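The numbering of the sequence shown is the numbering used here, which starts it at -17 and goes up by one. Heads up, the beta-carbon is just placed ideally off N, CA and C, and yes, glycines get one too. Model, not experiment: these values are computed from the prediction. Report on the following structure.
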Amino acid sequence: LWLLAFLGSLALLIHAYANCVGLYFQYPHSTQLEEETEHNKIFPAVTICNLNPVRLSQLSSHDLYWAGEMLGILDSAGRPLVPESPERSRLEALLGTLSTSEEEKSRPFHLEELYERAGHQLELGEMLVRCTFAKGDCNSSDFQTVSGTCWGQGGLGMAPGLAPQ
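Spelled out as structure tokens, the structure:
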């Protein structure tokens, strides 16, 4: 009696398994799509960050001397940490002019001036290449500085509470 129950259960299991495998190899699919047009769209919360502290193209030899190691561009021996690239060649050229100019080394250094001049800017064409939403253009003035090199959206019909603080 137990053997009959076991064999019957095994037969049902094999039958169910065979049906599942057969259905799998038929590759059935079902897609249901509903489309709605929303006319009063809310600009989504967007934050754009650049993790590079400064633009290498804007650095001077004076900047490298005073802040190169702090920015992670030079090692403690004053050698570039940037891999082989045009930027590395430019840094090496700047370091060459620095080693010959003691006057450059003695000038005072202002970190705030460095970030104003060489820090990333969220200007159209600089970091923000193109911005459109709901068939309208947006630009860098629609964003505001959140922190350092991060900008968050600040307009275009934004829902309350989404603006960066």
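- Beta-bridge partners assigned by DSSP to G118: F115.
- DSSP places L(-17) in the coil class of the three-state scheme, outside both helix and strand.
- Here S129 carries a strand assignment [DSSP, helix/strand/coil].
- Contact between the stretch 113 to 124 and the stretch 84 to 96 is absent: fewer than 3 CB-CB pairs across the two stretches fall below 8 angstroms.
- Straight across, the Cα-Cα distance linking E74 with P62 is about 7 angstroms.
- Annotated three-state conformation of Q8 is coil, per DSSP.
- DSSP places D45 in the uninterrupted alpha helix (DSSP H) bounded by S43 to A49.
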